[in-house]
Amino acid sequence: MKEIIRLIKKYQFSLFFILLEIICFSLVIRENSYQRAIFSQHATTFFGYVATLTSGVEEYFHLRATNKTLAEENTALKNKLAAYHVPGDTLPPPVHDSCTIYDYHQAKIINGTYNLTKNYLTLNLGKKDGIEKEMAVCSPEGVVGLIQDMSDHFSVVIPLINTQSIISAKIKNNNYYGPLQWDGDDYRYSYLNDIPYHVEVHAGDTIVTSNYSSIFPEGIPIGVVEEVSQANANFLKIKVRLAVDFRRLTYVYVIQNKTRSEQQQLEALNYHE
Amino acid sequence: MNNRNYYIHLLILCIIQILILNHVHIGSYFYINIYILALYVLPHKVKGIVSLLIGFLLGGLIDLSCNTLGIHAAASTFVAYLRPYLSRDMNEETEEYTQNNSKTLELGWFFQYTLLSTFLFHIILVFLEAFSFREIGTTLLRVIASTFISEIFIMLYYFICLKENKK
Chain A
36 MKEIIRLIKK YQFSLFFILL EIICFSLVIR ENSYQRAIFS QHATTFFGYV ATLTSGVEEY
96 FHLRATNKTL AEENTALKNK LAAYHVPGDT LPPPVHDSCT IYDYHQAKII NGTYNLTKNY
156 LTLNLGKKDG IEKEMAVCSP EGVVGLIQDM SDHFSVVIPL INTQSIISAK IKNNNYYGPL
216 QWDGDDYRYS YLNDIPYHVE VHAGDTIVTS NYSSIFPEGI PIGVVEEVSQ ANANFLKIKV
276 RLAVDFRRLT YVYVIQNKTR SEQQQLEALN YHE
Chain B
16 MNNRNYYIHL LILCIIQILI LNHVHIGSYF YINIYILALY VLPHKVKGIV SLLIGFLLGG
76 LIDLSCNTLG IHAAASTFVA YLRPYLSRDM NEETEEYTQN NSKTLELGWF FQYTLLSTFL
136 FHIILVFLEA FSFREIGTTL LRVIASTFIS EIFIMLYYFI CLKENKK
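Residue numbers (this note's numbering), protein chains in the order written: chain A, 36 to 308; chain B, 16 to 182.
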């Protein structure tokens, strides 16, 4: 112990210098937006590569669950396909034209947090794969979140379980819509607000994405109503059990709305105060 | 230089820097920083951690005035850290030097010391501001241009104020 103190005393000038420079550097990154942007870009890339390595090992432990969801989705898709299928006939080849509004990219979650109030997920797709800001992220079970930022090979998702994420959701059977926002408490539940008091909502009703969002396709499941209570005199507070279990999530889809920029341009020109 | 004189110089340099030089823009290559002169003429009895703190606070003050928190502070702390090493290197007769403070203000020595320090100061400052090595040529040009013009201003201040003081 004495030796350590002696050593610190001997090099106190340099140590204090290093301490001050660390303070300066963190100030530079925290307080200057340009430097912060560059730093976070490099940090995302670096930690992205680290996360790829660790998740490569981790994914083996989830193979069984992943397999199961894939099989379930496969069955559902096959059933849908069967509805179109005329016996003795083959499907016409799919036509790729501008009429398809949504493009799907398959992605893997390689890093993420679940127990904070501001949780984030990292995907293994980035700018080079055509990922852009504010694209929708869904899993076979339902909505996951939005793309917030991306580097060349990775992107960061702001999931439903982040208190800053607000998405437009509606009650499936009566089409009343409102903002869905997480309260930062339990990662399994979120809250649908601003539904008028007179609307009849029951536990077990399905909540889906609304048609007012230019990001999510309409009707993707978000969750089911768990509990209805009154927030204030006019509005209900609806507790929603999320369809996606964020703890087990591995594979997701990134959904690109190809007509979104066109819609935004038109709205920017015409929606005046 | 005694303490009271030093505080007056510190105040004048800060005022010149904040009120005038921070608002002078000669192209994007020239940053004029004269306030680091206050670190060069720091009394010799101020040593070690205290001199580092003065460098840090002085840089922080300039940062607050031009809204670049941390950048000037990092550079001027660096200069304060180098001060003992540089002045030891440039002065062979250390013994005599500590006894005779006025030697600090001798022209040739003063010029060498401030030029080197100012150059190192601007390396840290400009690279922290650019924050990448992508356009390293432009950044280096900026360092050299800023060092050149700052050194001119420092020598001007030296001839106007410090030299007279000695007499």
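Cβ coordinates follow ideal geometry from the N, Cα and C atoms, glycine included.
Under 9 Å between C-beta atoms of residue i and residue j
i, j, result
"A/Leu178", "A/Val279", "The sequence shown places Val at residue 178 of chain A, rather than the Leu named in the question. Contact flag set, yes."
"A/Pro256", "A/Ile290", "no"
"A/Gly165", "A/Leu284", "no"
"A/Asn228", "A/Pro194", "no"
"B/Leu36", "B/Asn48", "yes"
"B/Phe142", "B/Val158", "yes"
"B/His137", "B/Ser165", "yes"
"A/Asn246", "A/Ile136", "no"
"B/Leu131", "B/Leu155", "no"
9 Å Cβ cutoff, residue i in contact with chain A
i, result
"B/Leu84", "yes"
"B/Phe148", "no"
"B/Leu155", "no"
"B/Leu54", "no"
Min CB distance residue i to chain B below 9 Å
i, result
"A/Ile58", "yes"
"A/Asn67", "yes"
"A/Ser186", "no"
"A/Phe51", "yes"
"A/Val85", "no"
"A/Phe74", "yes"
"A/Gln141", "no"
"A/Leu55", "yes"
As assigned by DSSP and simplified to three states, the class of residue i
i, result
"A/Leu215", "strand"
"A/Phe52", "helix"
"A/Thr157", "strand"
"A/Arg283", "coil"
"A/Glu178", "Before going further, note that residue 178 of chain A is Val rather than Glu in the sequence given. A/Val178: strand per DSSP, three-state reduction."
"A/Phe189", "coil"
"A/Ile255", "coil"
"A/Asn64", "Residue identity check: residue 64 of chain A is Ile in the sequence provided, not Asn. It is helical."
"B/Phe146", "coil"
Assigned exposure category for residue i - 16 Cβ within 10 Å defines buried
i, result
"A/Pro231", "exposed"
"B/Gly74", "buried"
"A/Arg65", "exposed"
"B/Ser43", "exposed"
"A/Met185", "buried"
"A/Lys113", "exposed"
"A/Met170", "buried"
"A/Glu107", "exposed"
"A/Ile40", "exposed"
Closer than 8 Å: residue i CB and nearest the ligand GDP heavy atom
i, result
"A/Val192", "Although the ligand GDP was asked about, the structure shown includes no ligands whatsoever."
Stretch-stretch touch, CB-based, cutoff 8 Å, three pairs: the segment 225-239 of chain A with the segment 270-279 of chain A
When C-beta atoms of the segment 225-239 of chain A are compared with those of the segment 270-279 of chain A, three or more pairs fall below 8 Å, so the two segments count as touching.
Okay, do the segment 17-30 of chain B and the segment 191-207 of chain A touch, 3+ Cβ pairs below 8 Å being the bar?
Result no; under three Cβ-Cβ pairs closer than 8 Å.
Whether or not the segment 159-175 of chain B and the segment 85-97 of chain A are in contact is what I'm after, with contact meaning three or more pairs of Cβ atoms, one per stretch, closer than 8 Å; do they touch?
Between the segment 85-97 of chain A and the segment 159-175 of chain B, the count of Cβ pairs shorter than 8 Å is below three; the stretches do not touch.
Using 8 Å as the Cβ pair cut-off and three pairs as the minimum, do the segment 158-177 of chain A and the segment 209-218 of chain A touch?
Contact between the segment 158-177 of chain A and the segment 209-218 of chain A is absent, because fewer than three Cβ pairs lie under 8 Å.
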